[in-house]
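Peer 1: Residue numbers (my numbering): 837 to 1102. Where is the CB? At the ideal position from N, CA and C, for every residue including glycine.
1. Determine the closest residue to residue 1043 out of 1028, 985, 1056, with distance taken between C-alpha atoms.
2. For a test of the three-state rule: what should DSSP assign to residue 1093, helix, strand or coil?
3. I'd like to know whether the C-beta atoms of residue 904 and residue 947 end up nearer to each other than 7 Å.
4. Is the distance from the Cβ of residue 1102 to the Cβ of residue 1074 below 7 Å?
5. Sort 968, 1007, 1016 by Cα distance to residue 949 and report the nearest one.
6. If I follow the unbroken alpha helix (DSSP H) through residue 991, where does it start and stop?
7. What is the DSSP secondary structure of residue 1010, counted as helix, strand or coil?
8. Please classify residue 982 as buried or exposed, where buried requires at least 16 neighbouring CB atoms within 10 angstroms.
9. DSSP three-state label for residue 1037, please.
10. With residue 1080 as the anchor, note down where its beta strand (DSSP E) starts and where it stops.
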């Protein structure tokens, strides 16, 4: 019952929560983890309800997206893909910003790339995937969706592939990217971000997924390499000249997490 009351309590911005407040009105870090690290069935219900109305099944890309998830499951890929609301948010940002070239680090089964490209007919996606099996499944899914001409999957370690892409961009052999989505291993988040920074156009967004990690982001003594990788990119991005960023926490069918959203001004 106590947890239920906390979940329903009216939101109070953290700037109004001080150490002088009675303990009954303050959240401790431990209490937040106990409450918000648990999946809440309402999160999935809201995702399902809202997407049924904001992106009904009659939309042209619905079948391709459903088939992509089914084929990925049949090929034993891990269920790490974005939720539908998250993926559509990225697609809508791309449309609003007029992005014509996007870079994705971590293809998995191609679900996010298919979302972005199917919603934006002007968009070309370059996606880097380390796992050869995942890359093969993604290519099949992308071809099945009719998007092979606009989504390129490069198989290889991102630490090797990204510098090669950067060199091609700097030579003028490839266009600069207007959006970058980093959703690969979390250990190398900061390394990926730094290389991506060199390949984007002014005012591009670089999004790093899964940095909040059930709130573990704030645990400085956590030895989990993924937590450390998330903390590294969050702590360093604010010191990078010409970059402004924010961490946005999210809940939904994928649980409690969040992403780093960075704008490159120059």
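Peer 2: In brief:
1. Looking up residue 1043 in the chain shown gives position 207. Looking at the Cα atoms, 1028 is the closest of the given residues.
2. Taking the chain shown and counting its residues from 1, one reaches residue 1093 at position 257. Reduced to three states, the DSSP call for residue 1093 is strand.
3. Counted from its first residue, the chain shown places residue 904 at position 68. Counted from its first residue, the chain shown places residue 947 at position 111. A contact, by the Cβ cut-off of 7 Å.
4. One-based indexing of the chain shown puts residue 1102 at position 266. One-based indexing of the chain shown puts residue 1074 at position 238. No, the pair does not count as a contact, with Cβ atoms beyond the cut-off.
5. For this step, residue 949 is matched to residue 113 along the chain shown. Nearest C-alpha to residue 949: 1016.
6. As a working mapping, residue 991 is identified with position 155 in the chain shown. Unbroken run through residue 991 is the beta strand (DSSP E), 987-991; no alpha helix (DSSP H).
7. As a position in the chain shown, residue 1010 is number 174, starting the count at 1. Coil, per DSSP.
8. Taking the first residue of the chain shown as 1, we reach residue 982 at position 146. Answer is exposed; the Cβ neighbour count stays below 16.
9. Counted from its first residue, the chain shown places residue 1037 at position 201. Looking at residue 1037 - three-state DSSP - the assignment turns out to be strand.
10. Here residue 1080 corresponds to residue number 244 of the chain shown, with the count starting at 1. Run containing residue 1080: 1079-1088, per the beta strand (DSSP E) assignment.
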